(Lines of atoms letter the chains of each structure in order from A; the text may use other names.)
(Lines give C-alpha, C1' and ligand atoms only; values in the text may rest on other atoms or scores of the structure.)
Protein backbone atom coordinates (compact mmCIF):
# COMPACT_ATOMS: atom_id res chain seq x y z
CA UNK A 1 0.00 0.00 0.00
CA UNK A 2 1.23 3.48 -0.87
CA UNK A 3 1.96 5.92 1.88
CA UNK A 4 3.29 9.36 2.63
CA UNK A 5 4.71 9.77 6.09
CA UNK A 6 5.93 12.91 7.82
CA UNK A 7 8.58 13.57 10.41
CA UNK A 8 10.12 16.66 11.99
CA UNK A 9 13.89 16.82 11.48
CA UNK A 10 16.58 18.49 13.59
CA UNK A 11 16.17 21.74 11.61
CA UNK A 12 12.48 21.72 12.61
CA UNK A 13 11.43 21.10 9.00
CA UNK A 14 8.56 18.79 8.16
CA UNK A 15 10.01 16.09 5.93
CA UNK A 16 7.52 14.21 3.76
CA UNK A 17 8.53 10.71 2.66
CA UNK A 18 6.80 8.65 -0.03
CA UNK A 19 4.17 9.41 -2.64
CA UNK A 20 2.05 12.54 -2.38
CA UNK A 21 -0.95 11.55 -4.47
CA UNK A 22 -4.69 10.92 -4.40
CA UNK A 23 -4.17 7.67 -2.51
CA UNK A 24 -2.00 9.13 0.27
CA UNK A 25 -3.20 12.72 0.64
CA UNK A 26 -6.39 11.94 2.62
CA UNK A 27 -4.51 10.16 5.43
CA UNK A 28 -1.77 12.80 5.52
CA UNK A 29 -4.34 15.63 5.57
CA UNK A 30 -6.13 14.02 8.55
CA UNK A 31 -2.86 14.44 10.48
CA UNK A 32 -2.39 18.09 9.44
CA UNK A 33 -2.90 19.54 12.93
CA UNK A 34 0.25 17.71 14.00
CA UNK A 35 2.49 18.60 11.09
CA UNK A 36 1.12 22.11 10.43
CA UNK A 37 1.72 23.15 14.03
CA UNK A 38 4.83 24.97 15.12
CA UNK A 39 6.85 27.92 13.95
CA UNK A 40 5.55 31.00 12.17
CA UNK A 41 7.37 29.78 9.06
CA UNK A 42 6.70 26.13 8.27
CA UNK A 43 9.26 24.47 6.00
CA UNK A 44 8.11 21.40 4.08
CA UNK A 45 11.09 19.41 2.85
CA UNK A 46 10.06 17.26 -0.13
CA UNK A 47 13.47 15.66 -0.78
CA UNK A 48 12.10 12.15 -0.13
CA UNK A 49 8.81 12.52 -2.02
CA UNK A 50 8.93 10.08 -4.93
CA UNK A 51 5.73 11.06 -6.77
CA UNK A 52 3.28 13.96 -6.80
CA UNK A 53 -0.06 14.27 -8.59
CA UNK A 54 -2.76 16.96 -8.69
CA UNK A 55 -4.08 15.88 -5.28
CA UNK A 56 -0.63 16.52 -3.84
CA UNK A 57 -0.53 19.99 -5.39
CA UNK A 58 -4.03 20.68 -4.02
CA UNK A 59 -2.93 19.58 -0.54
CA UNK A 60 0.08 21.91 -0.66
CA UNK A 61 -2.21 24.77 -1.69
CA UNK A 62 -4.60 23.97 1.18
CA UNK A 63 -1.70 23.83 3.63
CA UNK A 64 -0.58 27.26 2.43
CA UNK A 65 -4.15 28.60 2.79
CA UNK A 66 -4.45 27.19 6.32
CA UNK A 67 -1.15 28.76 7.36
CA UNK A 68 -2.01 32.13 5.80
CA UNK A 69 -5.25 32.14 7.80
CA UNK A 70 -3.03 32.00 10.91
CA UNK A 71 -0.68 34.67 9.51
CA UNK A 72 2.01 32.05 8.99
CA UNK A 73 4.16 31.20 6.01
CA UNK A 74 4.86 28.03 4.02
CA UNK A 75 8.28 27.35 2.52
CA UNK A 76 8.65 24.31 0.25
CA UNK A 77 12.15 22.97 -0.28
CA UNK A 78 13.64 20.24 -2.48
CA UNK A 79 10.65 20.11 -4.82
CA UNK A 80 11.04 17.65 -7.70
CA UNK A 81 11.14 18.69 -11.34
CA UNK A 82 7.78 16.90 -11.63
CA UNK A 83 6.24 19.15 -8.96
CA UNK A 84 7.74 22.28 -10.54
CA UNK A 85 6.20 21.27 -13.89
CA UNK A 86 2.79 20.52 -12.35
CA UNK A 87 2.69 23.84 -10.50
CA UNK A 88 3.62 25.71 -13.67
CA UNK A 89 1.13 23.79 -15.84
CA UNK A 90 -1.60 24.39 -13.25
CA UNK A 91 -0.90 28.11 -13.26
CA UNK A 92 -0.49 28.28 -9.49
CA UNK A 93 3.19 29.27 -9.31
CA UNK A 94 2.19 32.69 -7.91
CA UNK A 95 0.31 30.94 -5.09
CA UNK A 96 2.75 28.12 -4.41
CA UNK A 97 6.34 29.27 -4.58
CA UNK A 98 8.86 26.45 -4.77
CA UNK A 99 12.53 26.77 -3.95
CA UNK A 100 15.09 26.88 -6.74
CA UNK A 101 16.86 23.73 -5.51
CA UNK A 102 15.19 20.89 -7.37
CA UNK A 103 15.28 17.19 -6.69
CA UNK A 104 15.33 14.43 -9.26
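Residue numbers (UniProt numbering): 1 to 104. Ideal Cβ placement from N, Cα and C applies to all residues, glycine included. The structure presented is a predicted model; accordingly, all values stated were derived computationally and were not measured.
Rounded to whole angstroms, how far is the Cβ of residue 48 from the Cβ of residue 15, which I believe are closer than 8 angstroms? Walking along the chain shown from the start, residue 48 turns up at place 48. Walking along the chain shown from the start, residue 15 turns up at place 15. Contact flag correct, Cβ pair sits at about 6 angstroms.
Are residue 78 and residue 45 closer than 8 angstroms when you measure CB to CB? Here residue 78 is taken as the residue at index 78 of the chain shown, counted from 1. Here residue 45 is taken as the residue at index 45 of the chain shown, counted from 1. In this structure, residue 45 lies closer than 8 angstroms to residue 78 by Cβ.
Local Cβ density within 10 Å of residue 42, reported as buried at 16 or more and exposed below that: As a working note, residue 42 is residue 42 in the chain shown. So residue 42 counts as buried.
Pick helix, strand or coil for residue 8, following the three-state DSSP scheme. Here residue 8 refers to the residue found at position 8 when the chain shown is read from its first residue. Strand at residue 8.
Using the three-state DSSP reduction, which class does residue 34 fall into: helix, strand or coil? As a first step, residue 34 is located in the chain shown; it is residue number 34 there, counting from the start. Three-state result, residue 34: helix.
DSSP on residue 62, reduced to helix/strand/coil? Indexing the chain shown from 1 puts residue 62 at position 62. Annotated three-state conformation of residue 62 is helix, per DSSP.
Spell out the partners DSSP gives residue 17 in its beta bridges. The residue you call residue 17 lines up with position 17 of the chain shown. Answer by DSSP bridge pairing, in chain order: 5 and 48.
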